[in-house]
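The structure under discussion appears below in the form of structure tokens.
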Amino acid sequence: MLVTDAQRAVLEGWLRRRTTAQALAQRTRIVLECAEGHSIMEVSRRLRITPDTVRTWRRRFIERGLDGLCDDPRPGVPRKITDADVERVIVKTLEETPKNATHWSTRSMAAATGMSQSTVSWIWRAFALAPHRAQTFKLSTDPLLIDKVRDVVGLCLDPLEKAHQDLVIDIVETRGDVTLHHPLV
-18 MLVTDAQRAV LEGWLRRRTT AQALAQRTRI VLECAEGHSI MEVSRRLRIT
32 PDTVRTWRRR FIERGLDGLC DDPRPGVPRK ITDADVERVI VKTLEETPKN
82 ATHWSTRSMA AATGMSQSTV SWIWRAFALA PHRAQTFKLS TDPLLIDKVR
132 DVVGLCLDPL EKAHQDLVID IVETRGDVTL HHPLV
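Position 128 (the sequence shown) corresponds to 109 in our numbering; numbering is contiguous.
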């Protein structure tokens, strides 16, 4: 089997590269072993694979060259969701909120994008998106919050001036249905 110097350089580069898929690396070894003049049976024994596997990749390399070592397209219906569609769902999920809701559901996103609910769910799973689990910050509705914050910040910035005043800070911690108060004097 004849392998040009340029093809050999590419094949050896694939073998040296750490990120080469194992299947491609094995096919590369098959071609290089065959190029060195080893028989199909000898290559199969040395690489511990079946002779049919050696024949298949040897034949594909002879017919198509380096491109023959890559996987052929799989049978089945081609993908209908484009990369632009996926990007549109991701951007909409991360940068927008739906009308009359705090976060997107698969149903509301499907309605907004014209895709099916299962497609939206598939995209969210693929990119680990969970809008219903977004970390949120809830601001207190206490009308005196600003005054309290000023008192605490003033105490931290100038403790000697504020030391003569009695100040009680009440830390409220909510765990489930239980509200705990921790007064600090």
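Cβ atoms here follow ideal geometry from the backbone N, Cα and C, with glycine treated the same way.
query, result
"Where V166 sits in the DSSP three-state scheme", "Here V166 scores only 47 on pLDDT, less than 50, and its place in the model should not be relied on; the value that follows carries that caveat. Three-state DSSP puts V166 in coil, outside helix and strand."
"Meets three-Cβ-pair contact criterion under 8 Å: the segment 60 to 73 and the segment 31 to 50", "no"
"S97 versus T(-15), L13, V67, residue with shortest Cα-Cα distance", "V67"
"Alpha carbon of L28 to alpha carbon of L5, nearest angstrom", "14 Å"
"Local conformation of I30 per DSSP, three classes", "coil"
"Reduced DSSP category for H113 - H, G, I as helix; E, B as strand; rest coil", "helix"
"Bounding residues of the alpha helix (DSSP H) (the contiguous stretch that carries W105)", "98 to 107"
"Beta carbon of A91 nearer than 8 Å to that of P79", "no"
"Assigned exposure category for T15 - 16 Cβ within 10 Å defines buried", "Checking the sequence shown, residue 15 turns out to be Cys, not Thr. Answer is buried; the Cβ neighbour count reaches 16."
"First and last residue of the uninterrupted alpha helix (DSSP H) at M90", "87 to 94"
"Backbone secondary structure at C15 - three-state DSSP", "helix"
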